[in-house]
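Residue 416 in the numbering used here sits at position 328 of the sequence shown, with consecutive numbering throughout.
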Amino acid sequence: MAYQEPAPIPDKENPFESMMKRFDKAAEILQLEQGVYDFLKTPALQVIVSIPIQMDDGKIKVFEGYRVIHSYALGPAKGGIRYAPDVTLDEVKALAAWMTWKCAVMDIPFGGAKGAVKCDPRKLTKVELEKITRRYTANLLDIIGPDKDIPAPDLNTDEQIMAWIMDTYSMHVRRTERAVVTGKPLILGGSPGRREATGRGVMIVTLAAMEKLKLKPKKSTAVVQGFGNVGSVSAKLLAERGLKIIAISDITGGYYNKKGIDIEKAIQYVQKNPERTLEGFDGGEKITNKELLELECDVLIPAAREDQITKNNAPNIKAKLIVEGANGPTTASADPILEEKGILVVPDIVANAGGVTASYFEWVQDRMGYYWTAEMVNERLERIMISAFENVYDTAKKYGVSLRLGAYILAVDKVAKTLKIRGIYG
Ligand code: GLU
Numbered sequence: 089m090a091y092q093e094p095a096p097i098p099d100k101e102n103p104f105e106s107m108m109k110r111f112d113k114a115a116e117i118l119q120l121e122q123g124v125y126d127f128l129k130t131p132a133l134q135v136i137v138s139i140p141i142q143m144d145d146g147k148i149k150v151f152e153g154y155r156v157i158h159s160y161a162l163g164p165a166k167g168g169i170r171y172a173p174d175v176t177l178d179e180v181k182a183l184a185a186w187m188t189w190k191c192a193v194m195d196i197p198f199g200g201a202k203g204a205v206k207c208d209p210r211k212l213t214k215v216e217l218e219k220i221t222r223r224y225t226a227n228l229l230d231i232i233g234p235d236k237d238i239p240a241p242d243l244n245t246d247e248q249i250m251a252w253i254m255d256t257y258s259m260h261v262r263r264t265e266r267a268v269v270t271g272k273p274l275i276l277g278g279s280p281g282r283r284e285a286t287g288r289g290v291m292i293v294t295l296a297a298m299e300k301l302k303l304k305p306k307k308s309t310a311v312v313q314g315f316g317n318v319g320s321v322s323a324k325l326l327a328e329r330g331l332k333i334i335a336i337s338d339i340t341g342g343y344y345n346k347k348g349i350d351i352e353k354a355i356q357y358v359q360k361n362p363e364r365t366l367e368g369f370d371g372g373e374k375i376t377n378k379e380l381l382e383l384e385c386d387v388l389i390p391a392a393r394e395d396q397i398t399k400n401n402a403p404n405i406k407a408k409l410i411v412e413g414a415n416g417p418t419t420a421s422a423d424p425i426l427e428e429k430g431i432l433v434v435p436d437i438v439a440n441a442g443g444v445t446a447s448y449f450e451w452v453q454d455r456m457g458y459y460w461t462a463e464m465v466n467e468r469l470e471r472i473m474i475s476a477f478e479n480v481y482d483t484a485k486k487y488g489v490s491l492r493l494g495a496y497i498l499a500v501d502k503v504a505k506t507l508k509i510r511g512i513y514g
């Protein structure tokens, strides 16, 4: 599995506070009553599990795992699992709430969740990784399930890990249960198009937002930060639509070419490189991550990690449009600076929602036991992405706010209305 080193986070803000700042603004505009506000602020469930593993050298090592369910209001909880050495419960709490807003804004019948294991996958063998995954899954048996909480891939987790989760769960419930997890390999009931869906969604909303700004794809340039599943696919699909991708990056730094980077070539380079990075790629001149974000361009797509656009570099950003491929790449304190500069920001909860939308399709197909073609998946994905983007755009216009706040207003309003009508049990 290709390990993605966390991009440097020089100005890390507490992610839960960052999320809450946006939520608070939406709550204020919607004049949410205090009780509903408190309900939505508090995760429904937070678990910390201990994961003892016998390592390959025979020694026992104990890892820590988390699963946070923010809300069940709209349906079973949904959200990825990330493996990272520096992950915290606060980060998982923020990411779980983000999933609630994301599903609500996309009109997908799921609540929000997120899980994590504090570990460094680079330092683990495949056997150790499998043991961690299976023990983590076994610890969560009472929480996850096709009607309760459905995990998926996130940072440093992949189809193989989803397959182990599906198998462990299936062994315990004594039947093959495909719908317990999404982002699985095709052969196990994964959906065609799921792997590319986040990047495809980024491409779809980028083109939709460019239309609003009257930017012509063939005359526009883009910079993409991050060359994992999201960044590389977004770059490839945008290049196919005529945009000139003038810079890309990964953990090894940025690569700039004002004539345009050959994205196909870069993807092949990474695939052939045993390190699975862009190190040594000669299709562009080497630049730093900081320089990359501040390049002169039409579209900037941060698709690496959180807290990349901060109050410190926001004043230097020159893009006309930012499309957030990653979760939380812009800190709350950078929001007003970008707004002031007139930069249109398509927020993460819409921009990168192609992944969870295709996960929803995968879950539906697994439950039906009937599978769609890639064309059907892509066509339905496009319809949902465009409709969510237009709804967010109209809401932002109606309230005279940014797209981010528009998205939060839509999402929080939907979840609050659902809570009210369901009523409080107890
Ligand atoms: N981890 C992805 C996200 O943050 C996908 C979640 C899912 O498919 O459930 O949206």
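All C-beta atoms in this analysis are idealised placements derived from N, C-alpha and C, irrespective of residue type, glycine included.
Residues in the same chain with beta-carbon distance under 7 Å from residue i, minus the five sequence neighbours each way, listed in chain order, please.
i      : result
Pro435 : Glu412, Leu491, Arg492 and Ala495
Pro197 : Leu162 and Gly163
Gln356 : none
Glu132 : For the sequence presented, residue 132 should be read as Ala rather than Glu. Correct list, in chain order: Ile157, His158, Ser159 and Tyr160.
Pro305 : Leu295, Met298, Arg329, Gly330 and Leu331
Pro94  : Its pLDDT being 46, under 50, Pro94 is placed unreliably in this model, and the coordinates cannot settle the point.
Kindly list the residues whose CB is nearer than 6 Å to the CB of residue i, restricted to its own chain and excluding five residues on each side of it in sequence; keep chain order.
i      : result
Lys332 : Thr309 and Gly348
Ala165 : Ile157, Gly199, Ala201 and Asp237
Asp501 : Leu118
Gly224 : At residue 224 the sequence reads Tyr, which differs from the Gly that was named. The answer, listed in chain order, is Ile139, Gly153 and Val205.
Ser320 : Ile355
Gly314 : Ala391 and Ala392
Going by DSSP, which residues form a beta bridge with residue i?
i      : result
Tyr344 : Ala335 and Glu373
Gln313 : Pro390
Gly233 : Asp237
Val75  : Only positions 89 to 514 of the chain appear in this structure, which leaves residue 75 out of reach.
Ala165 : Gly199 and Asp237
Tyr171 : Val205
Arg155 : Val135 and Gly203
Leu61  : The requested residue 61 is not part of the displayed model; the chain covers only 89 to 514.
So is residue i buried or exposed if we call it buried at 16+ other beta carbons inside 10 Å?
i      : result
Glu394 : buried
Gly430 : exposed
Tyr257 : buried
Asp242 : buried
Ile509 : exposed
Arg155 : buried
Val465 : buried
Asn404 : exposed
Ile148 : exposed
So with Cβ pairs under 9 Å, would you call residue i a contact of chain C?
i      : result
Ile292 : Annotation note: the requested chain C is absent from the structure, which comprises a single protein chain.
Please report the Cβ distance between residue i and residue j, rounded to the nearest whole angstrom; I am assuming they are in contact, meaning their Cβ atoms lie under 8 Å.
i      : j      : result
Asp386 : Thr365 : Rounded, the Cβ-Cβ distance is 27 Å, inconsistent with contact.
Glu467 : Gly278 : 18 Å between Cβ atoms; not a contact.
Asn415 : Asn440 : 7 Å
Arg288 : Leu325 : 6 Å
Return the chain-ordered list of same chain residues with a C-beta closer than 8 Å to the C-beta of residue i, the five sequence neighbours on each side being excluded.
i      : result
Ala335 : Val311, Val312, Gly342, Tyr343, Tyr344, Asn345, Ile349, Gly372, Ile375, Leu380, Leu383 and Cys385
Ile117 : Tyr487, Val489, Leu493 and Ile497
Leu274 : Pro280
Ala226 : Thr256 and His260
Glu152 : Ile136, Val137, Ser138, Ile139, Val205 and Lys206
Lys399 : Asp99, Thr419, Ser421, Ala422 and Ile425
Touch test, the region 211-220 against the region 123-138, Cβ-Cβ under 8 Å, three pairs minimum: no
I want to know whether the region 416-430 touches the region 439-457 - three or more CB-CB distances under 8 Å. no
Count the CB pairs spanning the region 219-231 and the region 465-475 that are closer than 8 Å, and state whether there are at least three. no
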